[in-house]
Amino acid sequence: MAAVLVAHAVISALQVLVLNPLAAIPGRGLAEIYAGVTASGESMSVPTVFAALALPLVLGAAVLAQTARSSLSRTTSTGLLLGLVAFSAVTYWFASGGPAMALADAYLISGAPYSPWWMVPAGLSLAALATLAIRARRDASR
């Protein structure tokens, strides 16, 4: 489950900072796109993107540390990690807002995602949420 959490963060960062800008502004390189954003007085907010996407990873590391100390059961640890994967949808949404609006303002386009890769982290979060719901229902029926 920790690997899924890391994969979510990596794919999210690639989507927000690389794939979406390239899809939104076809025919231009990433450096040229970033230069255009900067020239228009906007910012791709790279530190904010990394900070937001790192939050679930830091919390996940704390869960794993507690599990290694035997303070948490594997069942509890898995549930918490699933919750963090689901929560990662919120951090993705927050992380993508600034860069999306910077692109929109700099290039007079929509702030919507242009690359379909946003669906991968969204799907991972949705699957984690569904798994939590199934586990809760199963535990309630015991």
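Here the sequence shown is numbered in the working numbering, starting from 8 and rising by one per residue. Positions of the beta carbon are idealized from the N, C-alpha and C atoms, including for glycine.
Residue 40 and residue 24 have their C-alpha atoms spaced approximately 11 angstroms apart. Here residue 126 is exposed, its C-beta having fewer than 16 other C-beta atoms within 10 Å. Residue environment analysis places residue 98 among the buried positions, since at least 16 neighbouring C-beta atoms fall within 10 angstroms of its C-beta.
In this structure, the alpha-carbon of residue 111 lies about 38 angstroms from that of residue 70. Just so you know, the alpha carbons of residue 26 and residue 147 end up roughly 42 angstroms apart. The distance from the Cβ of residue 93 to that of residue 30 is about 26 angstroms, inconsistent with a contact at the 8 angstroms cut-off. Comparing alpha carbon positions, the residue from 74, 101, 143 and 33 closest to residue 53 is 101.
Excluding sequence positions up to five before and after residue 73, its CB lies within less than 8 angstroms of the CB of 79 and 84, all in the same chain and listed in chain order. The beta carbon of residue 21 sits closer than 8 angstroms to those of 124, all from its chain and outside the five residues before and after it, given in chain order.
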